[in-house]
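Undergrad: Each residue of the sequence shown is one higher than the one before, starting from 2 at the first, in the working numbering.
Backbone N, C-alpha and C fix where the C-beta goes; we use that ideal spot for every residue, glycine too.
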Amino acid sequence: MKVSVVIPVYNEEKTVEELINKVKNVNLEKEIIVVNDGSTDKTSEIISKINGIKYFNLQQNRGKGYALREGFRQVTGDVVIIQDADLELNPEEYTELIKPIVNNETKIVYGSRFLTNPYTNFISMMANKAVTITANVLYNAELTDEATCYKIFTKDVLDNINLKCTRFEFCPEFTAKVLKKGYSIKELPISFKPRFKEDGKKVRWRDGFEALWTLLKYRFVD
Numbered sequence: 002m003k004v005s006v007v008i009p010v011y012n013e014e015k016t017v018e019e020l021i022n023k024v025k026n027v028n029l030e031k032e033i034i035v036v037n038d039g040s041t042d043k044t045s046e047i048i049s050k051i052n053g054i055k056y057f058n059l060q061q062n063r064g065k066g067y068a069l070r071e072g073f074r075q076v077t078g079d080v081v082i083i084q085d086a087d088l089e090l091n092p093e094e095y096t097e098l099i100k101p102i103v104n105n106e107t108k109i110v111y112g113s114r115f116l117t118n119p120y121t122n123f124i125s126m127m128a129n130k131a132v133t134i135t136a137n138v139l140y141n142a143e144l145t146d147e148a149t150c151y152k153i154f155t156k157d158v159l160d161n162i163n164l165k166c167t168r169f170e171f172c173p174e175f176t177a178k179v180l181k182k183g184y185s186i187k188e189l190p191i192s193f194k195p196r197f198k199e200d201g202k203k204v205r206w207r208d209g210f211e212a213l214w215t216l217l218k219y220r221f222v223d
């Protein structure tokens, strides 16, 4: 089973090379698809020197959702893994995360930061809880971490939904659309090392409101 790791990148010169090397070292058949979303630092220069990846460079910043959709168009694997370019999450956990898919238990796995790990940023935790509860109520789900980066799914799931996201609303749009299609989502615990605004964290408070609106909107439209 071939895995396609899609990595959207925006101004991650401090971490992107280390992260890609961690992904390369994972013992799975895989392709690594890196989409540079118009970075203005040295990210593009760094990525262009890395061998063994599929690299796509957007000329201007369009947003994480747009970069992901560009990366999805290049997928040739059986399973897709979304990976941020920071070091908050650990690619060494891929093997465990894809097991339910390999064993035909589910087509979608979310890596949950809340199943075993305390969340160190109270405001961020509460925002995530609000979004997750909203998703559960609107779509009759039982998620603990709707906004997790680690969303793993089979290629046919991707082919069966029409994504329109451009920014951070990818997570709620994907969640809403797969649940409306009747897919089940299995959650597994993951390790998590949170970073903050001063470290380059890009999600802001308005993205929480956008996530709530996205969940509500796609409950009634496609």
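Could you tell me which residues DSSP pairs with ASP38 in its beta bridges?
TA: Paired residue(s): LEU59.
Undergrad: Tell me where the alpha helix (DSSP H) around GLU69 begins and ends.
TA: In the sequence as displayed, the identity of residue 69 is Leu instead of Glu. 65-73 is the span of the alpha helix (DSSP H), which, as asked, contains LEU69.
Undergrad: Runs of 3 residues minimum, wholly inside the stretch 120-161: which ones carry the beta strand (DSSP E) assignment?
TA: If we require 3 residues or more, the beta strand (DSSP E) runs fully inside the stretch 120-161 come out as 152-155.
Undergrad: If you follow the beta strand (DSSP E) that SER5 is in, where does it begin and where does it stop?
TA: It spans 4-10 - the beta strand (DSSP E) in which SER5 sits, taken as one unbroken run.
Undergrad: When DSSP labels each residue in this structure, what does GLU30 get in the three-state scheme?
TA: Here GLU30 sits in coil by DSSP.
Undergrad: What does the Cβ neighbour count give for LYS108, buried or exposed, with the cut at 16 atoms within 10 Å?
TA: Under this definition LYS108 is a buried residue.
Undergrad: Mark GLU174 as exposed unless 16 or more other C-beta atoms lie within 10 angstroms of its C-beta, in which case mark it buried.
TA: Counting Cβ neighbours within 10 Å, GLU174 comes out buried, since at least 16 surround it.
Undergrad: Since I believe VAL24 is in contact with ILE33 (beta carbons under 8 Å), could you give me their beta-carbon distance rounded to a whole number of angstroms?
TA: With a Cβ gap of about 6 Å, ILE33 and VAL24 count as contacting.
Undergrad: Run through DSSP, which three-state label would GLU188 get?
TA: The answer is strand: DSSP assigns GLU188 an E or B state.
Undergrad: DSSP puts TYR95 in a beta bridge; with which residues?
TA: None; TYR95 has no bridge partner.
Undergrad: On a CA-only basis, which of PRO190, GLY64, TYR219 is nearest ARG114? Give me that one, please.
TA: Of PRO190, GLY64, TYR219, the residue nearest in Cα terms is PRO190.
Undergrad: In this structure, does DSSP put ILE54 in helix, strand or coil?
TA: Coil, per DSSP.
Undergrad: Examine chain D for any beta-carbon lying closer than 7 Å to the beta-carbon of THR44, and answer yes or no.
TA: No chain D appears in the structure shown, which is made up of a single protein chain.
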